[in-house]
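Asker:
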Amino acid sequence: MDIMPGSGTSRVFVGHDRRLRLAWRIVLAWMGFFACLLVVGVAVKVVTSWLPAVISNAAASVGIAASALGLVWLLRRHVDRRTWSGIRLNLDRAAIPHLLFGIVLAGVVSMVAAAATVQLGFADWGWSTDTTQDVATKGLAVTIILIALSTVLVQAFPEELVFRGYMYANLGATLPLWATVVSSALIFGSMHVVSSQGATTVAEHAIYAVAATGFGLMLAACRTVSGALWLGIGFHSGFDVCNNRITVVHQGAFIPAWLTVLAILIATAAFTIAVRQWRAPVDWQAIPGDT
Numbered sequence: 001m002d003i004m005p006g007s008g009t010s011r012v013f014v015g016h017d018r019r020l021r022l023a024w025r026i027v028l029a030w031m032g033f034f035a036c037l038l039v040v041g042v043a044v045k046v047v048t049s050w051l052p053a054v055i056s057n058a059a060a061s062v063g064i065a066a067s068a069l070g071l072v073w074l075l076r077r078h079v080d081r082r083t084w085s086g087i088r089l090n091l092d093r094a095a096i097p098h099l100l101f102g103i104v105l106a107g108v109v110s111m112v113a114a115a116a117t118v119q120l121g122f123a124d125w126g127w128s129t130d131t132t133q134d135v136a137t138k139g140l141a142v143t144i145i146l147i148a149l150s151t152v153l154v155q156a157f158p159e160e161l162v163f164r165g166y167m168y169a170n171l172g173a174t175l176p177l178w179a180t181v182v183s184s185a186l187i188f189g190s191m192h193v194v195s196s197q198g199a200t201t202v203a204e205h206a207i208y209a210v211a212a213t214g215f216g217l218m219l220a221a222c223r224t225v226s227g228a229l230w231l232g233i234g235f236h237s238g239f240d241v242c243n244n245r246i247t248v249v250h251q252g253a254f255i256p257a258w259l260t261v262l263a264i265l266i267a268t269a270a271f272t273i274a275v276r277q278w279r280a281p282v283d284w285q286a287i288p289g290d291t
């Protein structure tokens with residue numbers, strides 16, 4: 001097979017700038033992300049299985065977060081051949097305030113979503129079955145630690161780094177801002193087709209993926225309005241901690257419950273963007289670029 005530079009096969013993978021084409025960079029990041037979860041995370045957990053569960057989980061969580069950081073660094077340096085600054089993992093004085101504000105905002109949004117599902121008759125107040133079982137078998141302190149490790153180091157940090165950091169930067173190099181936001185949300189949502197969160201039918205899996213797309217839209221809004229990842233990391237962490245833990249969804253109400261959550265996420269994203277437009281308008285037709 002002819003894969004020499006300039007050949008037809010080569011042009012499928014490599015662009016005129018002699019870099020891997022955008023679609024392949026996205027696929028590579030996606031595959032690398034799952035490798036961090038399924039290879040690094042599982043490997044560390046197996047190696048540390050002789051340790052107490054909380055320590056083994058902590059080691060696996062740190063391993064996943066560290067491997068995601070290494071993955072993005074390698075992709076950025078050797079595949080993109082662009083600077084790290086484009087990822088927008090800024091370590092400045094705004095990082096902690098943005099992180100904390102994101103957590104608080106997510107807590108408020110989660111409570112509103114929970115209250116809405118209860119008021120509409122789709123759920124009742126109460127700890128989720130998984131949380132109740134974890135507290136009963138592992139104790140409250142260990143459960144809190146495991147939830148914190150899972151939400152921050154396994155989900156929020158690596159997912160924001162890969163999806164709103166690496167992928168957002170690459171999409172923004174060629175697409176208008178509005179398309180960058182929408183595309184990143186769709187890519188993020190499609191990943192959740194394989195997730196469950198209690199889904200048992202094809203329709204429920206599809207609705208959950210759509211709701212995850214709404215979540216991705218809100219996270220992309222955080223990235224856009226703040227210009228960095230920390231607001232999104234905070235919101236992602238807070239939402240994953242609170243959502244679906246303080247209510248019990250009624251049998252057969254999975255779809256309307258998640259559609260309610262989706263509506264609230266979209267409304268929050270729209271409000272977040274509207275506030276930014278009011279304070280400092282953003283040109284949604286402009287191409288953000290990638291530095």
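According to our numbering, the residues represented by the sequence shown are 1 to 291, in order. C-beta atoms are modelled at their ideal positions from N, C-alpha and C, and glycine is treated no differently. Predicted model, so just to flag it, every value in this text is computed and none were measured.
Does the distance from the CB of R164 to the CB of L229 come in under 7 Å?
Answerer: A contact, by the Cβ cut-off of 7 Å.
Asker: So, at 7 Å on beta carbons, what are the nonlocal neighbours of L22 in its own chain, with the 5 sequence-adjacent residues on each side left out?
Answerer: If we look at L22 and ignore the five residues flanking it on each side, its Cβ neighbours are N170 and T174.
Asker: Would you kindly work out how many angstroms separate the C-alpha atoms of L365 and S237, rounded to a whole number?
Answerer: Missing from the structure shown is residue 365; the chain here goes from 1 to 291 and no further.
Asker: Going straight from the alpha carbon of A267 to that of V225, what length do you get?
Answerer: Approximately 15 Å, taken between the alpha carbons.
Asker: To the nearest angstrom, how far is it from the Cα of S67 to the Cα of L149?
Answerer: Going from the Cα of S67 to the Cα of L149 covers about 15 Å.
Asker: Can you give the Cα-Cα distance for V142 and S10, rounded to whole angstroms?
Answerer: Cα to Cα, the separation comes out at about 52 Å.
Asker: Verify whether the separation of the beta carbon atoms of F235 and L105 is less than 7 Å.
Answerer: The answer is yes: Cβ separation under 7 Å.
Asker: Relative to the C-alpha of F254, which candidate in H192, S196 and G216 has its C-alpha closest?
Answerer: The option with the nearest alpha carbon to F254 is S196.
Asker: Whole angstroms are fine: how far does the CA of I55 sit from the CA of T137?
Answerer: If you take the alpha carbons of T137 and I55, they lie about 16 Å apart.
Asker: State the DSSP-derived secondary structure class of W125, mapped to helix, strand or coil.
Answerer: Strand, per DSSP.
Asker: Quick one, are the C-beta atoms of A257 and A123 less than 7 Å apart?
Answerer: In contact: A257 and A123 (Cβ atoms closer than 7 Å).
Asker: Could you have a look at T174 and say whether DSSP puts it in helix, strand or coil?
Answerer: T174: coil per DSSP, three-state reduction.
Asker: Is L120 helix, strand or coil by DSSP?
Answerer: Three-state DSSP puts L120 in coil, outside helix and strand.
Asker: If you follow the beta strand (DSSP E) that T272 is in, where does it begin and where does it stop?
Answerer: Run containing T272: none in the beta strand (DSSP E); it sits in the alpha helix (DSSP H), F254 to R279.
Asker: Look at L177 and G214 and say whether their C-beta atoms are less than 7 Å apart.
Answerer: No, they are not a contact pair.
Asker: Identify every run of the beta strand (DSSP E) within the segment 23-61, keeping only runs that are complete inside it and at least 3 residues long; order them along the chain.
Answerer: Runs of the beta strand (DSSP E) inside the segment 23-61: none found.
Asker: Which runs of the alpha helix (DSSP H) at least 4 residues long sit entirely within the segment 135-202? Give them in chain order.
Answerer: Whole alpha helix (DSSP H) segments, 4+ residues: 140-149, 168-172 and 177-191.
Asker: Using a Cβ-Cβ cut-off of 8 Å (strictly less than) and excluding sequence neighbours within five positions of V112, which residues of its own chain qualify?
Answerer: For V112, where only same-chain residues beyond five positions count, the Cβ hits under 8 Å are I264.
Asker: May I ask which residues mark the beginning and end of the beta strand (DSSP E) holding V249?
Answerer: T247 to V249 is the span of the beta strand (DSSP E), which, as asked, contains V249.
Asker: Would you mind stating whether T151 and A221 have Cβ atoms separated by less than 7 Å?
Answerer: The answer is no: Cβ separation not under 7 Å.
Asker: Short check: CB of V79 to CB of L20, under 7 Å?
Answerer: Cβ distance < 7 Å, so V79 and L20 count as in contact.
Asker: What residues match up with V112 in a beta bridge as DSSP calls it?
Answerer: None; V112 has no bridge partner.
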